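Structure first, then comments.
Number of protein chains: 2
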Amino acid sequence: MQTDLVAALDIGGTKIAGALVDGHGRILVRAQRPTPAREDGDTVMRAVEEVIGELTAAPQWGAATVVGIGSAGPVDASAGTVSPVNVPGWRGFPLVDRVRAATGGLPVALIGDGVAITAAEHWQGAARGHDNALCMVVSTGVGGGLVLGGRLHAGPTGNAGHIGHISVDLDGDLCPCGARGCVERIASGPNIARRALENGWRPGPDGDTSAAAIAAAARAGDPVAVASFERAAQALAAGIAATATLVEIDIAVIGGGVAGAGDVLFAPLRAALKDYATLCFVQHLAVAPAEMGTDAGLVGAAAAALARGR
Amino acid sequence: MQTDLVAALDIGGTKIAGALVDGHGRILVRAQRPTPAREDGDTVMRAVEEVIGELTAAPQWGAATVVGIGSAGPVDASAGTVSPVNVPGWRGFPLVDRVRAATGGLPVALIGDGVAITAAEHWQGAARGHDNALCMVVSTGVGGGLVLGGRLHAGPTGNAGHIGHISVDLDGDLCPCGARGCVERIASGPNIARRALENGWRPGPDGDTSAAAIAAAARAGDPVAVASFERAAQALAAGIAATATLVEIDIAVIGGGVAGAGDVLFAPLRAALKDYATLCFVQHLAVAPAEMGTDAGLVGAAAAALARGR
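Protein chains in written order, with our numbering: chain A, -17 to 292; chain B, -17 to 292.
As C-alpha cells, this is what we get:
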C-alpha cells in the first residue's frame, strides 16, 4: 500500500527544485530547473511548470495529496503571492493559484524559504526535539525562521523569522531594504568580503574574494580576515540574542555557506553571545550548525504542508 | 449565583497590588501594600501575604478558584520562582509555592509583568481584536509582551517580550543588564532625562529633571529636549520593527509614564518606524497608546490565569 506523498517545491533565485516527499521526509522523485531570474514572470512560471511536469509524470504522482512551497521572500501566504527580491518578474505573483492549476487542484501551502529550512531542521535536523528554536541561513543573504511552543511560527504572511533585516546598529550603514545596520548588512557573505577588502585584505593569485576565501585567510591567521568574521559574529550574536530575549528560544541553528566557515565564525559567535544574551532566561542558549543539506528547502516545504494537513 | 473569580496579584518594585477579578475583568475587591523592596525576602513575602489576607477576608473569596500573578521580572514560570531586578531579597524566590500555601492550595499561574499588561491590553485594551501584537511599557524601564496567533506568548519561563533588553546599537553604551545599546538604555525615562542633561538642558526653578519635565520642555520647543525624545523614539522604532520583522505583529501598543508624553514621543516614533520597518509585511504596522490604566497588571494577571484554566 502506498502512503500519501507531498509534492514539494523549493523556489530560489538560482534554481527551482521539486520533489515527491514521503511522510518520513524521504525524497522519492526529484526535478530541477535553473531559475530564469531575469526573465518575465510567465517565463519563470514556465520553469516551475516544467518541474511540476516531471513530478506529475512520475509513477508515484497518484499518491501526492498536497503541495508545499518554500519560496524566496517576501511571500504573502494569506494572498498566495510571492515577490522574491532576486526575481524581479514576480511581484505579487499568484504562485499558489498557478501551482494549484498545474497540479490538478491539489491544496497548496506556501511559506518563505527561511521558514522552510526551519521546518526541515526541526523535523529531522539540529533543532529536532527543541520546542523553541531559531534556524538561520547565512549566505548571500541572511534568512531564518522560528519554532515556538513546538510548532513552526510562520506568521500570518509566512515571513516570520526574517532576522537578516532587524537592525542591530540603528545608526549603521544603509541596507538595500531601506533600514540601517541590519544583521544581513553586517554578517552576509558579500559583506564579510567587502569589509575585509575595505580594510586592506587582498586575495591570493586566484583572485578569489569570496567569503570562503576570507574564511580560509582567517583560518591561516590573517588579522583583517579574522576581524571581519568577528564583526559578522557580533552582529549575528546581537540578532540571535534579541530573538531569544523577545520570544524565548533555547537553540539557534545556523546553516548556509558562511556557516561553512566553521570555527572562524562559530567561536567568536559563541563568545559574543555571552555579551548580548544577558538575561537569565537566555543565558543558556545553544548555537549549533545546521544538519540538513541542500534538500532542507524541499524537506521543509513538505513538512509545512504535512503540518497544515493535520 | 456567583461566578468564578480570579485572585490577581501585581507585584512590582514599588507596590504589591491584589484584587478579586471577575470573568469580565471587573475588579470587585482590592488590596495594596508598598513593596519593602530593600528588605529580606521573607519580609517582602509578608507584604504579599497581607495583601492576600485582605482578599481572603472578603465575602467574595469563596468564589476564587485560581490565582494569577504578574511579577516584575525576570520570572521563571516553569520553576515557579521570581528574581525581580528591583527586589534584591528575591532571587529564585519560590513565589508560586508560597502563594499557593497562602491561598489554601489554589492553582497559581505566574507570568512576567510585561506579559501581564499585554494580556490586559489584548483582552480589553488597545490590542483587542489583534491576533499579533506587541504591548510595551516605557517608564523607569522598558518592558513588553507578545500576542501571537491570537494567544498570549509568554514563553516557557514567562519572560517573552523583553524588548527593553534587545540591542539596537551593538557598539552602544553598556546597559546594567550587561549588554550594549539596549532599547531601555536609550529609551527609558531616566535615560531620556540623562541625555537631555548631558546635552545642556537645565531644569526650571522647581528642579524637576524627570522625563515628564523633559517632555514639557520638548512640547515648549526646547531643541535638546526634543532631540532626547527623538533618540528614544528611534530606539523604540528599531526595537518594534525588529519584533515585527521577527514574529509578524500588526500593532504595537505603548503605555507607561514616558508614553504619557504623547506626541512628543509618538510623532517621531511613527516617523522612525518608516525607517526601520521596511519589508512589505511590516510596513503597515500601527502604533497606539495603551488604553488600560494602572489596573492593567491586575487585569492581565487575571486574564492569564483564566486562559490557563481553559
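For every residue, glycine included, the Cβ atom is placed at its ideal position computed from N, Cα and C. Quick caveat, the model's predicted, so the values are computed rather than measured.
Counted within 10 angstroms of its Cβ, other Cβ atoms place T17/B as buried (16 or more) or exposed = By 1-based counting over the second sequence, the position of residue 17/B is 35. T17/B is buried by the Cβ-count criterion.
Would H316/A count as contacting chain B if we go by Cβ distances under 7 Å?
-> In the structure as shown, chain A begins at -17 and stops at 292. Residue 316/A is therefore absent and cannot be evaluated.
Say whether chain A places a C-beta atom closer than 7 Å to the C-beta of P271/B.
-> For the purposes of this step, residue 271/B is taken as the residue at position 289 of the second sequence. It does not; no Cβ of chain A falls within 7 Å.
Contact residues within the segment 42 to 73 of chain A, judged by C-beta distance below 9 Å to chain B = Per Cβ criterion, the list reads G55, P56, V57, D58, S65.
Coil, strand or helix - I231/A by DSSP = For the purposes of this step, residue 231/A is taken as the residue at position 249 of the first sequence. In the displayed model, I231/A falls within coil according to three-state DSSP, outside both helix and strand.
Just the C-alpha distance for V264/A and G238/A, rounded to the nearest angstrom, thanks.
-> For this step, residue 264/A is matched to residue 282 along the first sequence. For this step, residue 238/A is matched to residue 256 along the first sequence. The alpha-carbon atoms of V264/A and G238/A are separated by roughly 24 Å.
Residue-level contact to chain A via CB, F263/B, 7 Å cutoff | Along the second sequence, one-based indexing puts residue 263/B at 281. At least one chain A Cβ lies under 7 Å of F263/B.
Who are the near neighbours of A1/B in its chain, counting only those whose CB is closer than 7 Å to its CB and skipping five residues on each side?
-> Along the second sequence, read from residue 1 onward, the residue named residue 1/B stands at position 19. Taking A1/B as the centre and dropping the five residues before and after it, the same chain places the C-beta of A(-10), I9, V11, R12, L280 closer than 7 Å to its C-beta, in chain order.
How should R184/B be labelled, buried or exposed, when 16 other C-beta atoms within 10 angstroms of its C-beta is the threshold for buried?
-> For the purposes of this step, residue 184/B is taken as residue 202 along the second sequence, with counting starting at 1. Classification of R184/B: exposed, given that the 10 Å Cβ count is below 16.
Proximal residues to L179/B (C-beta, below 8 Å), its chain only, five neighbours per side dropped | Residue numbering aside, residue 179/B sits at position 197 when the second sequence is read from its first letter. So the list reads T191, once near-sequence residues are dropped.
According to the Cβ coordinates, are E103/B and V269/B closer than 7 Å?
-> Indexing the second sequence from 1 puts residue 103/B at position 121. Indexing the second sequence from 1 puts residue 269/B at position 287. Between E103/B and V269/B, the gap from beta carbon to beta carbon reaches 7 Å or more.
Between the C-alpha atoms of E21/A and T63/A, what's the straight-line distance to the nearest angstrom?
-> For the purposes of this step, residue 21/A is identified with residue 39 of the first sequence, where counting begins at 1. For the purposes of this step, residue 63/A is identified with residue 81 of the first sequence, where counting begins at 1. Rounded to whole angstroms, E21/A to T63/A spans 18 Å at the Cα level.
Any chain B beta carbon closer than 7 Å to A220/A = Within the first sequence, the letter at position 238 stands for residue 220/A. Interface residue, yes.
How many whole angstroms separate the CB atoms of T85/A and I34/A, which I take to be in contact at a CB cut-off of 8 Å?
-> Here residue 85/A corresponds to residue number 103 of the first sequence, with the count starting at 1. Here residue 34/A corresponds to residue number 52 of the first sequence, with the count starting at 1. Right, their Cβ atoms sit about 6 Å apart.
Determine which residues share a DSSP beta bridge with K(-3)/B and list them.
-> Position 15 of the second sequence, counted from the start, is the residue given in the question as residue -3/B. According to DSSP, which records beta bridges pairwise, K(-3)/B is partnered with P16/B.
Can you tell which of F75/A, A46/A, P41/A has its C-alpha closest to the C-alpha of G55/A?
-> Walking along the first sequence from the start, residue 55/A turns up at place 73. Checking every option, the nearest Cα to that of G55/A belongs to F75/A.
Can you name the residues of chain A whose CB is closer than 8 Å to the CB of A223/B?
-> Along the second sequence, read from residue 1 onward, the residue named residue 223/B stands at position 241. Chain-order list of chain A residues neighbouring A223/B: I148, S149, A161, by C-beta distance under 8 Å.
Using 10 angstroms around the beta-carbon of D296/B, count the other beta-carbons present and answer buried if the total reaches 16, otherwise exposed.
-> Only positions -17 to 292 of chain B appear in the structure, and residue 296/B is not among them; the question remains open.
Return the bridge partner residues of C164/B from the DSSP annotation.
-> Within the second sequence, the letter at position 182 stands for residue 164/B. According to DSSP, which records beta bridges pairwise, C164/B is partnered with S149/B.
Just curious, the alpha helix (DSSP H) that H135/A is in, first and last residue?
-> Translated into positions along the first sequence, residue 135/A becomes position 153. No alpha helix (DSSP H) holds H135/A; the beta strand (DSSP E) holding it covers 133 to 135.
Quick one: what's D9/A bridged to in DSSP?
-> Reading the first sequence from its first residue, position 27 is the one you call residue 9/A. According to the sequence displayed, residue 9/A carries Ile and not Asp. The partner list for I9/A (beta bridge, DSSP) reads V3/A.
Measure how close the beta-carbons of L261/B and T227/B come, nearest whole angstrom, since I'm counting them as under 8 Å.
-> Here residue 261/B refers to the residue found at position 279 of the second sequence. Here residue 227/B refers to the residue found at position 245 of the second sequence. Right, their Cβ atoms sit about 6 Å apart.
Taking Cβ positions, are V206/B and G182/B nearer each other than 7 Å?
-> One-based indexing of the second sequence puts residue 206/B at position 224. One-based indexing of the second sequence puts residue 182/B at position 200. Against a cut-off of 7 Å, the Cβ pair of G182/B and V206/B comes out as a contact.
If contact means a Cβ-Cβ distance below 9 Å, which residues of the segment 91 to 109 of chain A contact chain B?
-> When C-beta distances to chain B are compared with 9 Å, every residue of the segment 91 to 109 of chain A stays at or above that value.
Same chain, Cβ closer than 6 Å to A284/B, neighbours up to 5 away in sequence not counted = Here residue 284/B is taken as the residue at index 302 of the second sequence, counted from 1. Answer for A284/B: V(-12), A(-10), V3, G50, listed in chain order.
DSSP beta-bridge partners of L116/B | Here residue 116/B refers to the residue found at position 134 of the second sequence. Beta-bridge pairing links L116/B to L128/B, A234/B.
Starting from the C-beta of H6/B, find all residues in its chain whose C-beta is less than 6 Å away, skip the five residues before and the five after it, and write them out in chain order.
-> For this step, residue 6/B is matched to residue 24 along the second sequence. Apart from the 5 residues on each side of it in sequence, H6/B has no Cβ closer than 6 Å to any other Cβ in its chain.
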